[in-house]
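Here my numbering = 1-based position in the sequence shown + 57. Cβ coordinates follow ideal geometry from the N, Cα and C atoms, glycine included. Reviewing the structure listed below.
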Amino acid sequence: MIQILAGAFGFLAALAAHDLAAQVLADNPLRPLAGTCPQCGTKRGWLSARCASCSRPIAREVGIALAGTIGAVAFVNTIGITWALVSYMGFLVLSLALVITDIEAMRIVDRLNIRGTLLLVVALGAGAALDGSIDAFWRALLGALAYFSGTNLVFLLVRGRGFGYGDVKLAVQLGLFTAYVSWGTLGWSVFLTAMIGGLISIGVIVVGSVARRQRARSGVGAETPTLRDALKVELPYGPAMVAGAWIALALAGIGAFPIPS
Numbered sequence: 058m059i060q061i062l063a064g065a066f067g068f069l070a071a072l073a074a075h076d077l078a079a080q081v082l083a084d085n086p087l088r089p090l091a092g093t094c095p096q097c098g099t100k101r102g103w104l105s106a107r108c109a110s111c112s113r114p115i116a117r118e119v120g121i122a123l124a125g126t127i128g129a130v131a132f133v134n135t136i137g138i139t140w141a142l143v144s145y146m147g148f149l150v151l152s153l154a155l156v157i158t159d160i161e162a163m164r165i166v167d168r169l170n171i172r173g174t175l176l177l178v179v180a181l182g183a184g185a186a187l188d189g190s191i192d193a194f195w196r197a198l199l200g201a202l203a204y205f206s207g208t209n210l211v212f213l214l215v216r217g218r219g220f221g222y223g224d225v226k227l228a229v230q231l232g233l234f235t236a237y238v239s240w241g242t243l244g245w246s247v248f249l250t251a252m253i254g255g256l257i258s259i260g261v262i263v264v265g266s267v268a269r270r271q272r273a274r275s276g277v278g279a280e281t282p283t284l285r286d287a288l289k290v291e292l293p294y295g296p297a298m299v300a301g302a303w304i305a306l307a308l309a310g311i312g313a314f315p316i317p318s
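Written out as structure tokens, the structure reads:
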């Protein structure tokens, strides 16, 4: 029963995340669950399958809703019915909205990220106090600092190429919510992020190589993309970071690594 309720909440949370992303990219007031069309920015409503203004049909919203539903069930399984769960559901909405903005516009928007992260820190601290888990909250703050420091180092090493400072600021909330569960969860989050990011990069190279061969066979040699061109393609790294954190939290819930009692 709890999983069903969590899934229903996750579904609604995903719709809210979609609206927040569409509204913040259009510099509109934030109105979660308004059903904002990401193409024209008008209020379509969630009961309409197609926008009345621009005729855009619901498309990506289905995948976003599925991700939110699965994420909410995983979070409940890991965190349990505690006061801290409230902030984890807020984390689900915020991180999913930032994934959408990063994919859509290659931006981790400060208007959402910084204000939302500060609010979630307060909410997690209050939840931890009510749950009697202050030690976990201090670990979460240290985890946020550690992940932020590590991503700052990466940013300096790559000189911002393929890894923007928005990703560095995103690391704060990811470190906070993974380290609250355990240090192992944070460690797995970082590891899984590197794996997912690497697989995406390899996929881009493979697709670029296949396209190059196909275009070469068709005789379009002058405009054929090279392997160097494929390597220069900038990809949003935020989705890999969020996916790594979500998967690590889900793995912790099924006992893939120990959670301190």
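Residue environment, residue i, which counts as buried when at least 16 other CB atoms sit within 10 Å
i: G232; result: buried
i: P86; result: exposed
i: A236; result: buried
i: Y222; result: exposed
i: R88; result: exposed
i: L256; result: exposed
i: G128; result: buried
i: A162; result: exposed
Residue i vs residue j beta-carbon contact at 7 Å
i: F194; j: A228; result: no
i: L142; j: A154; result: no
i: G67; j: G125; result: yes
i: L177; j: G147; result: yes
i: T135; j: A309; result: yes
i: A116; j: A71; result: no
i: A180; j: T242; result: no
i: A73; j: L90; result: yes
i: V130; j: V299; result: no
i: A63; j: V133; result: yes
Spatial neighbours of residue i in its chain, beta-carbon cut-off 6 Å, leaving aside the 5 residues before and after
i: V81; result: V166, R168 and L169
i: R101; result: G92, C94 and C108
i: A201; result: V229, G232 and L233
i: W140; result: G184, L187 and D188
i: S152; result: V299
Other residues of its chain near residue i: CB distance less than 7 Å, five sequence neighbours each side excluded
i: V225; result: F205, T208, N209 and F212
i: D159; result: I165, P293, G295 and P296
i: A106; result: P114 and I115
Whole-angstrom C-beta distance between residue j and residue i, which should lie under 8 Å
i: A297; j: T250; result: 5 Å
i: G98; j: A109; result: Going by Cβ atoms, the distance from G98 to A109 rounds to 13 Å, so no, they are not a contact pair.
i: F248; j: A302; result: Actually they do not touch by this definition, with Cβ atoms about 11 Å apart.
i: I61; j: I138; result: Actually they are not in contact, since the Cβ atoms of I61 and I138 sit about 14 Å apart, beyond 8 Å.
Residue i: first and last residue of the uninterrupted alpha helix (DSSP H) it sits in
i: R107; result: First-last for R107: undefined, no H or E at that position.
i: N170; result: D167 to D188
i: R88; result: First-last for R88: undefined, no H or E at that position.
i: K226; result: Y222 to A236
i: I304; result: G295 to G310
i: I138; result: Per DSSP, I138 belongs to no alpha helix (DSSP H) and is neither H nor E.
i: G219; result: No alpha helix (DSSP H) holds G219; DSSP gives it neither H nor E.
i: Q60; result: I59 to L82
Cutoff 8 Å; reference residue i; Cβ partners in own chain excluding five residues on either side
i: A279; result: Residue placement at A279 is flagged as unreliable, the pLDDT there being 46, under the threshold of 50; the coordinate-derived value follows with that caveat. Closer than 8 Å at Cβ, skipping near neighbours: no residue.
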